Amino acid sequence: MEQYDPQAIEEKWQRVWKDERAFEVPNPDPDELERHGQKTYVLEMLPYPSGELHMGHVRNYMLGEVVAHFRRRHGYAVMRPMGFDAFGLNAENAAIQEGGHPRDVTERNIAAIRIQMERMGWAIDWSRVLSSHEPEYYRWTQWLFLRFFEKGLAYRKEAPVKWCPNDQTVLANEQVIDGHCERCGAEVEARNLEQWFFRITDYADALLDEMELLEAWPERVLTMQRNWIGRSEGADVVFRIEDVGEDVEIFTTRPDTLFGATFFVFAPEHALVPRLVAGTEHEAEVLEYVRRAGARTTVEREEKEKDGVFTGRHATNPVNGEQIPIWVADYVLMEYGTGAIMAVPAHDERDHAFAERYGLEIRQVVEPADGGAPTEGAFVAHTENERLVNSGEFTGNPAPEGKQAIVAWLAERELARPAIRYRLRDWLLSRQRYWGAPIPIVHCEQCGIVPIPDDELPVLLPEVDDYLPKGRSPLAAAEDWVCVSCPSCGGEARRETDTMDTFVDSSWYFIRYADAKNDDEPFSRAMADYWLPVNQYIGGVEHAILHLLYARFFVKVMNDLGLVGFREPFARLFTQGMLYRDGAKMSKSKGNVISPDEYVERYGADAARLYVLFIGPVEQDAEWQDAGFEGIVRFLHRLWRAVGEHARDPSLDPVPDTPLSRKAHRTIAKVTDDIGRRFALNTPIAAVMELVNEILKAPGDPAARFAAETAVSLIQPYGSHIAEELWERLGYERLWTQPWPEADPAFLEQETTQVVVQVNGRIRDRLQVASGLAEEELVALARASERVQSHLDGVETTRTIVVPGKLVNFVTRGGTHGSPTDPLLTPSTN
RNA sequence: GCGGGCGUGGCGGAACUGGCAGACGCGGCGGGUUUAGGUCCCGUUGGGCCGUGAGGCUCUUGGAGGUUCGAGUCCUCCCGCCCGCACCA
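Numbering that gives the first Met the number 0 numbers the first residue of the first sequence as 0 and each following residue consecutively.
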């Protein structure tokens with residue numbers, strides 16, 4: 000048999016798959032959905048076409064590849080589509096760097112990635128391919144925006160927003176990490192701007208509660224989303240400021256500590272602050288403080304020691320009428336709650352630090368239920384069981400009851416009500432950038448904000464000479480495009496010039512795949528409901544609170560609008576680990592990417608396909624190591640040789656019972672369990688390596704051909720080309736359509752098994768014994784062993800543990816620290 | 001600080017429900033093929049001690065305890081690393 004030539008066979012099979020449309024899955028006839036067989040939807044997150052694929056991508060897509068092949072060969076119709084997240088800053092910045100028009104650069108990148116993907120031989124249904132920058136796609140993104148707008152779920156308002164001075168655009172809260180732009184790392188600035196928002200906060204509870212509908216999501220991702228949504232239960236409480244005749248609401252999660260509120264704090268940005276001090280001796284000092292605080296960045300505010308300034312005013316604590324001093328301090332944030340707090344220095348670390356610094360009263364009002372002497376002026380952390388002290392008529396109550404009682408008491412006087420607050424903010428979706436879907440809105444002097452009628456969609460992205468970011472949308476420069484007549488009154492109007500955040504595009508693409516060619520609607524509900532929710536979604540954990548939260552929100556809204564019949568987009572989520580190199584995440588900006596191209600060119604796609612999975616557990620990060628790659632290349636050569644040596648052997652039926660046929664069946668069982676149940680994709684490769692090694696060591700085994708066929712069949716999801724070629728050389732056709740092999744239990748059961756014999760838990764011998772041997776006989780055999788004898792000589796056996804088919808353990812008097820028990824033979828509990 | 005994860009040979013990792021620790025691969029060592037190097041093939045490979053030898057004993061999964069006949073696996077405490085969240089009232 001000739002040498003293994005990956006280039007030749009890979010080209011050959013890729014052509015066959017293309018010609019035969021091997022991985023295209025047509026949609027069923029809408030009237031015959033029930034008669035359709037089993038189907039499944041496997042999806043990996045779509046790439047940004049901001050460059051070419053690197054090995055990190057290859058690893059990601061190999062996950063879906065193996066799952067898709069595995070399920071297809073289990074008889075499922077598998078939809079596994081692919082697309083390109085083509086709009087947005089990633090692609091646009093790549094275009095700016097390369098110096099071309101974003102469309103040209105993006106489309107060039109898409110073409111290059113598609114070639115790479117086809118060269119990897121991935122079983123993708125290319126008939127459903129989509130790209131979010133195409134009018135055929137973003138037309139429906141705009142259409143969906145309008146549905147949201149009609150329901151009041153997309154709205155425009157002026158608000159303090161995060162501005163990235165480098166990317167020259169506003170950002171969503173989710174895109175700000177530690178005060179820095181998620182994309183470019185520049186420190187973000189606060190600005191007051193009129194922007195478009197999605198009302199995701201209306202869905203905060205649904206996003207939390209409906210996590211129960213998810214079949215399998217990593218706990219880590221759910222936790223991140225829970226933290227991000229940040230639901231807190233407590234109460235809004237009114238503090239009256241008599242001096243200026245104002246009632247101010249604050250939010251607290253601990254209304255039971257109201258008796259410990261010894262001062263009151265406003266955020267510097269709070270609108271009431273200037274009025275509070277107007278004309279007083281404190282005015283200059285307070286306004287100066289407010290000015291300085293405004294100049295500080297979020298990061299500076301956090302890192303410095305807490306400071307603030309007294310206003311000279313007092314607020315009334317509603318529970319006891321006490322007049323407490325009002326301060327202004329920038330550790331209180333305008334963005335959360337009401338921008339004002341009651342300070343309870345005895346039980347809040349931040350308030351405590353502040354009180355210590357300025358000599359304010361610290362009054363303990365809760366204590367652990369099991370007593371403990373209260374220390375004057377100390378910070379007392381909250382505990383599981385605590386009760387109120389120094390709290391008037393509420394003293395002695397356990398904290399939870401005290402909380403309710405105090406709120407109820409205040410509510411009767413209209414001074415408080417139960418309240419729930421979220422950390423989650425509405426999703427800021429408008430961007431002052433060129434490369435995105437235009438927001439389909441016009442601004443009319445007469446009618447205000449007017450949506451573009453559906454039949455005028457898409458609103459095409461205009462051509463402009465200069466698409467570089469300027470701080471206002473480059474679309475504004477396309478004067479002809481901007482000036483339109485109002486769809487409502489026909490008068491003069493101007494188009495909205497902001498574009499949509501690219502996360503809008505990717506919040507519904509997974510439904511479009513189900514009906515990708517539909518020109519009349521974004522997708523037919525029948526097809527969407529047929530394929531979705533996605534059975535297995537695969538992607539990086541970096542999208543835990545951006546894409547994955549937005550997509551869930553979109554689906555809930557679409558469900559409420561009657562567009563789809565499901566509430567969650569992704570039933571099962573798998574987050575794969577990152578591929579590192581030189582200790583850093585592989586990324587273009589760090590310059591440490593490894594392109595699959597040179598490896599594919601030299602060793603073939605199959606070697607790369609296997610190696611990215613063999614490197615370690617897919618859910619864990621992995622460090623790229625060139626050295627290990629050689630091992631996979633050698634294995635493929637061994638596989639080629641092992642199968643070649645037996646390709647002309649007769650195919651025996653039934654397969655003889657030999658060591659090799661047994662090994663083959665054990666391998667089937669392991670690989671099937673690893674892929675199907677455990678989602679362990681590295682160990683199946685090791686198992687097939689073992690099988691191949693044994694074939695090479697036992698050339699005369701009459702089941703060698705069967706073992707070789709098995710190895711080929713099991714490695715097919717990984718090394719699809721070599722497997723297909725060898726399958727053909729074995730005299731068969733189209734392995735990708737063949738049923739997955741089944742392990743025959745008769746071959747799994749060994750005639751003899753190895754039993755470990757221990758004395759006091761230490762291994763003294765290993766015995767080959769007949770399977771299913773009675774316990775008594777097994778013990779007798781074990782006891783008869785010479786090596787065991789030497790350890791049992793002259794000592795009394797107090798106990799004998801038997802695990803059938805596995806182990807015998809003799810326990811002797813004084814042999815272990817455990818207490819000896821009477822019966823000579825103790826049946827094992829496991 | 002809170003939440004999640006991880007810690008196993010020289011390296012990547014295996015051991016899924018407590019039952020042979022180190023599968024598989026890399027690297028190393030020895031040998032074969034080769035004019036030579038590389039490739040390729042075969043063998044071997046956790047540490048220590050004893051034995052001329054076959055072999056035997058013993059230690060070992062970040063550390064210390066515990067449960068158990070038996071612990072990498074379960075429990076408690078500690079150490080280290082990674083990730084996420086964090087003046088959220």
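Positions of the beta carbon are idealized from the N, C-alpha and C atoms, including for glycine.
Remember, it's a predicted structure, so these values are computed and weren't measured experimentally.
{"Asked": "Residues near N59 by beta carbon distance below 8 Å, same chain, minus five either side", "Found": "E43, M44, I537, G538, G539 and Q575"}
{"Asked": "Within 8 Å, strictly: CB atoms of A342 and V264", "Found": "yes"}
{"Asked": "Cβ neighbours of P134 in the same chain (closer than 7 Å, five flanking residues each side left out)", "Found": "P457 and L459"}
{"Asked": "As assigned by DSSP and simplified to three states, the class of N829", "Found": "Because the pLDDT at N829 is just 33, under 50, the model does not fix this residue reliably, and the value given afterwards should be weighed accordingly. Here N829 sits in coil by DSSP."}
{"Asked": "The stretch 281-290 touching the stretch 301-314, judged by at least three CB pairs closer than 8 Å", "Found": "yes"}
{"Asked": "Paired residues, beta bridge with E157 - DSSP", "Found": "E193"}
{"Asked": "Contact under 8 Å by Cβ, L414 with A171", "Found": "no"}
{"Asked": "Residue span of the alpha helix (DSSP H) that contains S660, given as start and end", "Found": "P658 to D672"}
{"Asked": "Limits of the unbroken alpha helix (DSSP H) element including E411", "Found": "A398 to E411"}
{"Asked": "Own chain partners of G603 with C-beta closer than 6 Å, once the 5 adjacent residues on each side are dropped", "Found": "P5 and E9"}
{"Asked": "Residue burial classification, A418 (beta-carbon count within 10 angstroms, cutoff 16)", "Found": "buried"}
{"Asked": "Nearest to L766 (by Cα), restricted to the options V754, M688 and A773", "Found": "V754"}
{"Asked": "Neighbour-count burial assignment, K17, 16 or more Cβ in a 10 Å radius", "Found": "exposed"}
{"Asked": "CB-CB length for V236 against P317, believed under 8 Å", "Found": "6 Å"}
{"Asked": "Simplified DSSP state of Q13, which is helix, strand or coil", "Found": "helix"}
{"Asked": "Sequence-distant residues of the same chain with beta carbon closer than 7 Å to Y508, five excluded per side", "Found": "L45, G82, L129 and S131"}
{"Asked": "CB-CB length for F634 against M688, believed under 8 Å", "Found": "6 Å"}
{"Asked": "For V458, the first and last residue of its enclosing beta strand (DSSP E)", "Found": "Counting along the chain, V458 falls outside any beta strand (DSSP E), and DSSP gives it neither H nor E."}
{"Asked": "Proximity below 8 Å, CB of D201 to CB of R182", "Found": "no"}
{"Asked": "Option nearest L213 by Cα separation, candidates R551, L791, L695 and G63", "Found": "R551"}
{"Asked": "Straight-line gap, G229 to D514 (C-alpha atoms, nearest Å)", "Found": "36 Å"}
{"Asked": "Alpha carbon of F569 to alpha carbon of Q535, nearest angstrom", "Found": "7 Å"}
{"Asked": "Exposure of D425, with buried meaning 16 or more beta-carbon neighbours within 10 Å", "Found": "buried"}
{"Asked": "Contact under 8 Å by Cβ, D500 with R430", "Found": "yes"}
{"Asked": "Cutoff 6 Å; reference T252; Cβ partners in own chain excluding five residues on either side", "Found": "S231 and G233"}
{"Asked": "Assigned exposure category for P830 - 16 Cβ within 10 Å defines buried", "Found": "Absent from the model: residue 830. The displayed extent of the chain is 0 to 829, so no value can be given."}
{"Asked": "Alpha-carbon spacing of L651 relative to L547, whole angstroms", "Found": "52 Å"}
{"Asked": "Buried/exposed call for Y3, threshold 16 Cβ in 10 Å", "Found": "buried"}
{"Asked": "Cβ-Cβ distance between D329 and A292 below 8 Å", "Found": "yes"}
{"Asked": "CB contact flag (R493, V481, <8 Å)", "Found": "yes"}
{"Asked": "For M223, the three-state DSSP class (helix, strand or coil)", "Found": "helix"}
{"Asked": "Residue from A477, T666 and I451 whose Cα sits closest to the Cα of V463", "Found": "A477"}
{"Asked": "Same chain, Cβ closer than 6 Å to R239, neighbours up to 5 away in sequence not counted", "Found": "D246 and T315"}
{"Asked": "Sub-8 Å separation of V556 and F147 beta-carbons", "Found": "yes"}
{"Asked": "Where the alpha helix (DSSP H) through K38 begins and ends", "Found": "Note, K38: premise wrong, no alpha helix (DSSP H); beta strand (DSSP E) at K38 to E43."}
{"Asked": "For I199 and M333, the rounded distance between their alpha carbons", "Found": "20 Å"}
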